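So in the UniProt record's numbering, the last one in the sequence shown is 126, and the numbering has no gaps at all. Here's the structure, in structure tokens; my notes come after.
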Amino acid sequence: METKAIEKDLLALEEQGWAAISVGDGDFYRRLITDRTLCVEPDGLQTGAELAADIDANKSPFDDYKLQDVKVLPLTADSAVITYRAVVSLKEAGFVFQLYMSSAYVRSDGAWKLAFHQQTPVKQED
């Protein structure tokens, strides 16, 4: 698969993931994960199934988000990593926070699956 097509596919999946989180739709991630998916988040480690359950239980409080500085690194014809900076607005709380995000995908039976996901908070300037 061509690099531009991989970039388009993975960016679309990340955008769909943010939309799913915003409405508490863990089923989106249940379709995306495998039984081996791992997630590293600021509050700890979890499986993909645990991530989906958390999304079901908690509609995200964010009002808006933007994905910036998106980069995709194809590893093989059927695997790639996408990285970006997420800028998230919480209007009710009156602040914006930012995360560096990385997701590794593998293609299985013609569909991209989330193998690994990592979030790192961007250091806030004083």
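Where a beta carbon is used, it is the ideal one built from N, C-alpha and C, also for glycine. Model, not experiment: these values are computed from the prediction.
| Asked | Found |
| --- | --- |
| Keeping to the same chain, check which residues put their C-beta closer than 6 Å to that of Val-88; ignore five residues upstream and five downstream. | Phe-62, Tyr-65, Phe-97 |
| Taking the beta carbon of Ala-104 as the centre, do at least 16 other beta carbons fall within 10 Å, making it buried, or is it exposed? | buried |
| Could you work out which residue in Gly-48, Asp-78, Thr-83, Leu-99 is closest to residue 129 when comparing CA atoms only? | The question about residue 129 has no answer, for the chain in this structure spans 1 to 126. |
| Cα separation between Leu-99 and Asp-109? | 31 Å |
| Exposed or buried, Glu-2, counting other C-beta atoms within 10 Å across all chains shown (16 or more means buried)? | exposed |
| Roughly how many angstroms lie between the CA atoms of Pro-74 and Gln-124, to the nearest whole one? | 31 Å |
| For the candidate residues Leu-90, Ile-33, Ile-21, Ala-115, whose alpha-carbon lies nearest to that of Asp-54? | Ile-21 |
| Look at Gly-24 and Asp-69 and say whether their C-beta atoms are less than 8 Å apart. | no |
| Starting from Ile-55, follow its DSSP beta bridges and name the residues at the other end. | DSSP lists no partner for Ile-55. |
| So, at 8 Å on beta carbons, what are the nonlocal neighbours of Glu-15 in its own chain, with the 5 sequence-adjacent residues on each side left out? | Leu-67 |
| Please go through the region 3 to 77 and give each complete alpha helix (DSSP H) segment of 4 or more residues, from N-terminal end onward. | 3 to 22, 26 to 32, 48 to 57 |
| Taking only the alpha-carbon atoms, compute the straight-line gap between Ala-86 and Met-101 and give it to the nearest angstrom. | 7 Å |
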